[in-house]
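Numbering (my numbering), first residue to last: 55 to 115. Using N, Cα and C, we set each Cβ at its ideal position, and we do this for glycine too. These figures come from a predicted structure and were not determined experimentally.
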């Protein structure tokens with residue numbers, strides 16, 4: 055199951071970010087994914103997306 059969470063996180067990073075995320079951003083993303091329901095609910099994906107949309111790396115797009 056852990057692999058699936060990592061795969062989801064990496065896919066969201068590819069969708070939202072033009073550069074790899076900083077370690078702190080990746081940690082926040084993984085924390086949100088681990089706390090959410092998996093298989094992921096819409097709420098989990100929404101919260102994870104919010105983490106990426108609010109990070110400095112997103113502003114480089």
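- Does DSSP classify residue 95 as helix, strand or coil? Judged by DSSP in its simplified three-state form, residue 95 adopts coil rather than helix or strand.
- Message: Cutting at 8 Å between CB atoms, please list the residues of its own chain near residue 59, excluding the five before and the five after it.
- Response: Once the five neighbours on either side are set aside, the close Cβ partners of residue 59 are 84, 87, 88 and 92.
- Query: Which one of 96, 76, 110 and 78 has the shortest CA to CA distance from residue 62?
  - Reply: 96
- Sequence-distant residues of its chain with Cβ nearer than 8 Å to residue 66 (five each side left out): Counting only residues of its own chain and dropping the five nearest sequence neighbours on each side, residue 66 has a CB closer than 8 Å to the CB of 83, 99, 102, 103 and 106.
- Task: Determine the closest residue to residue 81 out of 72, 114 and 64, with distance taken between C-alpha atoms.
- Result: 64
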